[in-house]
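A short write-up of the structure that comes next.
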Amino acid sequence: GAVVSQHPSRVICKSGTSVKIECRSLDFQATTMFWYRQFPKQSLMLMATSNEGSKATYEQGVEKDKFLINHASLTLSTLTVTSAHPEDSSFYICSAPPWNLRTGTTGGYTFGSGTRLTVV
Amino acid sequence: EDQVTQSPEALRLQEGESSSLNCSYTVSGLRGLFWYRQDPGKGPEFLFTLYSAGEEKEKERLKATLTKKESFLHITAPKPEDSATYLCAVQVRNQGGKLIFGQGTELSVKP
Numbered sequence: 088g089a090v091v092s093q094h095p096s097r098v099i100c101k102s103g104t105s106v107k108i109e110c111r112s113l114d115f116q117a118t119t120m121f122w123y124r125q126f127p128k129q130s131l132m133l134m135a136t137s138n139e140g141s142k143a144t145y146e147q148g149v150e151k152d153k154f155l156i157n158h159a160s161l162t163l164s165t166l167t168v169t170s171a172h173p174e175d176s177s178f179y180i181c182s183a184p185p186w187n188l189r190t191g192t193t194g195g196y197t198f199g200s201g202t203r204l205t206v207v
Numbered sequence: 005e006d007q008v009t010q011s012p013e014a015l016r017l018q019e020g021e022s023s024s025l026n027c028s029y030t031v032s033g034l035r036g037l038f039w040y041r042q043d044p045g046k047g048p049e050f051l052f053t054l055y056s057a058g059e060e061k062e063k064e065r066l067k068a069t070l071t072k073k074e075s076f077l078h079i080t081a082p083k084p085e086d087s088a089t090y091l092c093a094v095q096v097r098n099q100g101g102k103l104i105f106g107q108g109t110e111l112s113v114k115p
């Protein structure tokens, strides 16, 4: 089935530095990737939608200059948290829409394994 | 406003004690309803997609059903390994494919 590989799984960074998170579609081409953040004991909140070859679409309230999203190829989408602060500490997850090797559609969106970001 | 609400927030069961999780939704146009399982520190794992009222799907001890206003995830004779957070999400028509998630139900099954 479709697999999305997300790296790193954990990262600790100093306040003010930038962190890049990568999501790769391993056995299919993902023209769209959704980026979520999840706080402890809370559900997933959509941050932005990236589309290969075009600018990302951000949800209301998400700072575009802080969360830079790039979808440079059909298999790679990245999220860069710039000038990170402790309040950016969270669990970040990417997701690709349904895709099937044979028919072009699957039943469910495929999620990456998540990245735990801790800003100290 | 499109909204998804799950209940209960937490559910504790004894092994073998069957129960149901609820997902109520209010959306402008439902394209699909998804159930996911999420273990701590991991990404959601796909369980089911339901597209229309009356549809049912089963997988091992899990069965998902859908009406025009809600979905149920029935767990029959659960085992401790079924312990996880179960997430419900809806895809709304004409919203670019994004999902709206409920807050999840944290299930704990004790032996």
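Chains as they are written, first to last, in this note's numbering: chain A, 88 to 207; chain C, 5 to 115. Note that CB positions come from ideal geometry on N, CA and C, so glycine has one too.
Quiz item: Any contact of the stretch 95–108 of chain C with the stretch 72–87 of chain C, i.e. 3+ C-beta pairs under 8 Å?
Solution: no
Quiz prompt | Reduced DSSP secondary structure (H/G/I, E/B, other) of GLU49 (chain C) | solution = The sequence position of residue 49 (chain C) within the second sequence is 45, counting from 1. Strand.
Quiz item: When the Cα atoms are used, what is the spatial distance from ARG35 (chain C) to VAL96 (chain C)?
Solution: On the second sequence, position 31 is the one that residue 35 (chain C) refers to. On the second sequence, position 92 is the one that residue 96 (chain C) refers to. Cα to Cα, ARG35 (chain C) sits roughly 5 Å from VAL96 (chain C).
Quiz item: Are the CB atoms of VAL98 (chain A) and THR202 (chain A) nearer to each other than 8 Å?
Solution: Residue mapping note: residue 98 (chain A) aligns to position 11 of the first sequence, counting from 1. Residue mapping note: residue 202 (chain A) aligns to position 115 of the first sequence, counting from 1. Yes, these two residues count as a Cβ contact at 8 Å.
Quiz item: How about the stretch 140–158 of chain A and the stretch 9–20 of chain C: do they share at least three Cβ pairs that are nearer than 8 Å?
Solution: no
Quiz prompt | Proximity winner among A:PRO127, A:ASN138, A:THR162, A:SER182, relative to ASP114 (chain A) (alpha-carbon distances) | solution = Position 27 of the first sequence, counted from the first residue, corresponds to residue 114 (chain A). Comparing Cα positions, the closest option is A:THR162.
Quiz item: At a cut of 8 Å, does the stretch 135–142 of chain A reach the stretch 114–124 of chain A through at least three beta carbon pairs?
Solution: yes
Exercise. Assuming SER102 (chain A) contacts VAL207 (chain A) (C-beta within less than 8 Å), just tell me the rounded distance between them.
Key: Taking the first residue of the first sequence as position 1, residue 102 (chain A) is located at position 15. Taking the first residue of the first sequence as position 1, residue 207 (chain A) is located at position 120. The Cβ separation is near 7 Å, so the contact holds.
Quiz item: What's the gap between the Cα of TYR179 (chain A) and the Cα of CYS92 (chain C)?
Solution: Locating residue 179 (chain A) in the first sequence gives position 92, where the first residue counts as 1. Locating residue 92 (chain C) in the second sequence gives position 88, where the first residue counts as 1. Roughly 18 Å separates the two Cα atoms.
Quiz item: Closer than 8 Å, CB to CB, is LYS102 (chain C) near chain A or not?
Solution: By 1-based counting over the second sequence, the position of residue 102 (chain C) is 98. Yes - at least one Cβ of chain A is within 8 Å of the one on LYS102 (chain C).
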